[in-house]
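The sequence shown lines up with residues 4 to 474 when you count with this note's numbering. In what follows, a single structure is set out as structure tokens and then discussed.
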Amino acid sequence: MARVNEKNIQSSHREFLTVENFIGVWLDANINHRSDDYQSLFTQVQQLIDLIVPFTDPESCMDFISDIKNEKIFLIISGSLGEKMISLLQNFSQINSIYIYCDNKAKHEKWANKEKKIQGVFTKTQAIYDVFRRDIRQCQDDLVSFNMLSSAYDLNQSDQLFIYIQILKDILIHMECEPNSKLDFIDFCHSRYQHNPYQLDIIREFKNDYKQSSAIWWYTRECFISSMLNKAFRIHDIDILIKMNFFIQDLHQEIKRLHSKLNKQNHLTIYRGQGITEGEFQKILDNSNGFISFNNFLITTTDKNVSLVYACSARDNHGLVGVIFQINIDQSQAIFTPLHKIDYYSESTKEILFTINTIFRIHNIHQIENGLWEIQLTLTADDNEQLKNITKLMQKEFEGKNEIEQLHAIMTKIQMAGEFESEYIETQTSHEHPVHEETEAHHTDMETEQAVQENARNDEFESEHPVVAPE
Numbered sequence: 004m005a006r007v008n009e010k011n012i013q014s015s016h017r018e019f020l021t022v023e024n025f026i027g028v029w030l031d032a033n034i035n036h037r038s039d040d041y042q043s044l045f046t047q048v049q050q051l052i053d054l055i056v057p058f059t060d061p062e063s064c065m066d067f068i069s070d071i072k073n074e075k076i077f078l079i080i081s082g083s084l085g086e087k088m089i090s091l092l093q094n095f096s097q098i099n100s101i102y103i104y105c106d107n108k109a110k111h112e113k114w115a116n117k118e119k120k121i122q123g124v125f126t127k128t129q130a131i132y133d134v135f136r137r138d139i140r141q142c143q144d145d146l147v148s149f150n151m152l153s154s155a156y157d158l159n160q161s162d163q164l165f166i167y168i169q170i171l172k173d174i175l176i177h178m179e180c181e182p183n184s185k186l187d188f189i190d191f192c193h194s195r196y197q198h199n200p201y202q203l204d205i206i207r208e209f210k211n212d213y214k215q216s217s218a219i220w221w222y223t224r225e226c227f228i229s230s231m232l233n234k235a236f237r238i239h240d241i242d243i244l245i246k247m248n249f250f251i252q253d254l255h256q257e258i259k260r261l262h263s264k265l266n267k268q269n270h271l272t273i274y275r276g277q278g279i280t281e282g283e284f285q286k287i288l289d290n291s292n293g294f295i296s297f298n299n300f301l302i303t304t305t306d307k308n309v310s311l312v313y314a315c316s317a318r319d320n321h322g323l324v325g326v327i328f329q330i331n332i333d334q335s336q337a338i339f340t341p342l343h344k345i346d347y348y349s350e351s352t353k354e355i356l357f358t359i360n361t362i363f364r365i366h367n368i369h370q371i372e373n374g375l376w377e378i379q380l381t382l383t384a385d386d387n388e389q390l391k392n393i394t395k396l397m398q399k400e401f402e403g404k405n406e407i408e409q410l411h412a413i414m415t416k417i418q419m420a421g422e423f424e425s426e427y428i429e430t431q432t433s434h435e436h437p438v439h440e441e442t443e444a445h446h447t448d449m450e451t452e453q454a455v456q457e458n459a460r461n462d463e464f465e466s467e468h469p470v471v472a473p474e
């Protein structure tokens with residue numbers, strides 16, 4: 004869905020729906036005089052974001068941004084307009100990052116450097132693209148959402164949402180796919196990316212080369228596959244999830260197949276660093292000792308320093324709460340696989356990929372420093388009887404329906420419970436919490452002996468699992 008004419012936008016914003024998490028917006032009264040710059044950056048950015056919308060009129064731009072509900076906006080704006088509008092722009096939660104493009108860098112840095120969402124002042128489009136790409140990757144990680152179940156099993160709206168989403172994942176993993184599902188999905192992608200030559204080339208490659216054994220390779224590639232799937236899981240877009248279900252099942256089965264070949268005798272400690280809102284963090288605090296499940300295939304790392312970089316970046320550059328999830332797992336229970344030599348980039352020597360229906364229990368939560376927290380999780384065994392019984396009880400609501408009917412019925416339940424959840428998180432975010440209070444940093448030599456033992460286990464794990472790439 005590429006570039007959009009500004010005049011057409013004002014008539015109907017909704018026709019410009021995107022299947023991705025992000026929208027690029029460029030606001031510059033003189034954009035028509037920067038056509039070469041715009042085309043150059045547009046061509047590059049379209050590799051990262053499909054929908055890019057230019058504006059010359061600030062009011063039209065603000066109307067467009069106000070209508071965006073499910074996407075994050077990356078805004079490029081001229082120095083003069085940016086200085087006039089920054090106080091207004093900062094209030095838009097839809098805007099993730101702002102980039103000032105101007106001719107006088109020194110002049111605009113004086114005011115821009117004070118603003119949290121501004122990622123820099125630029126005079127060259129290549130410099131914007133480099134930072135743009137970094138921020139897209141960070142935001143993609145930060146948008147991996149999660150749901151929680153209280154340890155008391157109250158079955159309140161939040162608990163019900165957790166169970167419904169687990170049922171949804173279970174159906175997606177096990178339902179029978181239509182014979183032509185791959186071709187139907189490819190046709191759909193052609194229509195959605197018809198103005199994006201870069202992605203169309205990759206779609207053709209997918210059509211010719213994809214097979215189940217390459218599902219992980221495709222999921223870890225920066226392209227339409229991960230962009231669409233990440234958003235579909237985040238907003239629970241049932242239509243996209245059904246279209247991509249053949250891929251979801253292939254990815255799950257490939258992770259499961261590779262996991263069956265691992266040496267499962269040892270326990271493993273892994274990490275994930277990301278940013279979350281204050282409301283989301285408060286919900287974790289309120290559910291200590293409860294359960295948490297991430298709404299996606301989850302990429303983690305055995306390198307704590309890598310997770311720390313992501314968490315600190317989210318806190319420092321985007322005003323989020325930086326969290327490091329420390330996850331202790333029994334390798335015989337979790338379904339995961341190391342990504343070494345099987346992902347698209349091949350250098351992911353320390354990354355671990357989990358399947359979608361993994362559940363963890365929340366244990367210790369402690370502050371590392373201001374705005375940065377560590378949350379310790381452990382894997383929940385599949386034999387948790389109470390959790391299984393609650394799930395079976397709620398599954399009875401959908402008896403007598405075929406799988407497609409079940410999915411749509413579950414989506415109705417998820418939407419109802421999700422509205423309550425969103426209101427709760429927004430309420431928590433609007434209040435002050437201990438997230439940003441100055442407290443004594445918990446840099447206790449972080450249990451040095453424990454850390455050494457964890458690193459030793461992780462090094463042993465990596466040496467024992469030299470996974471071979473699929474043919």
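Even for Gly, the Cβ is constructed at its ideal location relative to N, Cα and C. Just so we're clear, the structure is a prediction, and the values are computed from it rather than from any experiment.
Where the beta strand (DSSP E) containing residue i begins and where it ends
{"i": "Arg-275", "result": "270 to 279"}
{"i": "Ile-59", "result": "Sequence check: residue 59 is Thr here, not Ile. No beta strand (DSSP E) contains Thr-59, which DSSP labels as neither H nor E."}
{"i": "Ser-316", "result": "First-last for Ser-316: 307 to 321, but that is the alpha helix (DSSP H), not the beta strand (DSSP E)."}
{"i": "Val-22", "result": "It is not in any beta strand (DSSP E) - Val-22 carries neither H nor E in the DSSP assignment."}
{"i": "Glu-402", "result": "Looking at the DSSP string, Glu-402 is not in any beta strand (DSSP E), and its letter there is neither H nor E."}
{"i": "Glu-179", "result": "Careful: Glu-179 lies outside any beta strand (DSSP E) and carries neither H nor E."}
{"i": "Asn-150", "result": "149 to 152"}
{"i": "Glu-118", "result": "Neither: Glu-118 is in no beta strand (DSSP E) and is coded neither H nor E."}
{"i": "Gln-215", "result": "From DSSP, Gln-215 is part of no beta strand (DSSP E); its letter is neither H nor E."}
{"i": "Thr-381", "result": "375 to 382"}
Candidates the options: closest to residue i by CA position
{"i": "Ile-243", "options": "Ser-229, Ile-89, Gln-256", "result": "Ser-229"}
{"i": "Ile-26", "options": "Ile-359, Gln-418, Ile-139, Asn-150", "result": "Ile-139"}
{"i": "Ala-155", "options": "Ser-148, Gln-163, Phe-149", "result": "Gln-163"}
{"i": "Lys-307", "options": "Leu-323, Ile-327, Lys-72", "result": "Ile-327"}
{"i": "Gln-418", "options": "Ser-161, Leu-146, Lys-117", "result": "Ser-161"}
{"i": "Arg-237", "options": "Val-48, Ile-413, Glu-74", "result": "Glu-74"}
{"i": "Glu-377", "options": "Cys-315, Val-124, Lys-344, Glu-208", "result": "Cys-315"}
{"i": "Leu-375", "options": "Leu-186, Gly-325, Asp-240, Asp-144", "result": "Gly-325"}
{"i": "Leu-30", "options": "Leu-20, Ile-166, Ile-89", "result": "Ile-89"}
{"i": "Leu-158", "options": "Leu-390, Leu-203, Asn-33", "result": "Leu-390"}
{"i": "Ile-302", "options": "Thr-223, Asn-266, Lys-395, Asn-367", "result": "Thr-223"}
{"i": "Leu-254", "options": "Thr-46, Leu-232, Leu-265, Tyr-132", "result": "Leu-232"}
{"i": "Glu-118", "options": "Phe-227, Leu-91, His-36", "result": "Leu-91"}
{"i": "Leu-410", "options": "Tyr-167, Ile-76, His-366, Glu-208", "result": "Tyr-167"}
{"i": "Tyr-274", "options": "Thr-381, Phe-209, Ser-184", "result": "Thr-381"}
{"i": "Ile-79", "options": "Asp-40, Lys-110, Lys-344", "result": "Asp-40"}
Extent of the continuous alpha helix (DSSP H) to which residue i belongs
{"i": "Gly-85", "result": "82 to 92"}
{"i": "Met-397", "result": "388 to 398"}
{"i": "Thr-128", "result": "128 to 145"}
{"i": "Ile-241", "result": "241 to 246"}
{"i": "Asn-211", "result": "200 to 212"}
{"i": "Asn-233", "result": "227 to 238"}
{"i": "Leu-186", "result": "184 to 195"}
{"i": "Glu-112", "result": "108 to 115"}
{"i": "Ala-218", "result": "218 to 222"}
DSSP state of residue i mapped onto helix, strand, coil
{"i": "Gly-3", "result": "Coverage of the chain is limited to positions 4 through 474, which leaves residue 3 absent and any answer about it impossible."}
{"i": "Ile-98", "result": "strand"}
{"i": "His-36", "result": "helix"}
{"i": "Gln-334", "result": "coil"}
{"i": "Phe-300", "result": "coil"}
{"i": "Lys-75", "result": "strand"}
{"i": "His-343", "result": "coil"}
{"i": "Gln-418", "result": "helix"}
{"i": "Ile-166", "result": "helix"}
{"i": "Gln-42", "result": "helix"}
{"i": "Ile-362", "result": "coil"}
{"i": "Leu-52", "result": "Per the sequence shown, the amino acid found at residue 52 is Ile instead of Leu. Coil."}
{"i": "Gln-261", "result": "Note that residue 261 is Leu in the sequence shown, not Gln. Note: Leu-261 maps to helix in three-state DSSP."}
{"i": "Leu-356", "result": "strand"}
{"i": "Leu-158", "result": "coil"}
For the region 180 to 194 and the region 254 to 267, state whether three or more C-beta atom pairs, one from each stretch, are separated by less than 8 Å.
-> no
The region 288 to 295 in contact with the region 202 to 220 per 3-pair CB rule at 8 Å | no
Would you be able to state if there are at least three C-beta pairs under 8 Å between the region 394 to 414 and the region 143 to 152?
-> No, they do not touch.
Are the region 311 to 331 and the region 178 to 185 in contact at 8 Å, needing three or more beta carbon pairs?
-> no
Would you say the region 336 to 344 touches the region 353 to 360, given that touching needs at least three Cβ pairs under 8 Å?
-> yes
Indicate whether the contact test is met: 3 or more Cβ pairs, each with one atom in the region 94 to 108 and one in the region 58 to 71, closer than 8 Å.
-> A contact is defined here as three or more CB-CB pairs under 8 Å, and the region 94 to 108 meets this definition with respect to the region 58 to 71.
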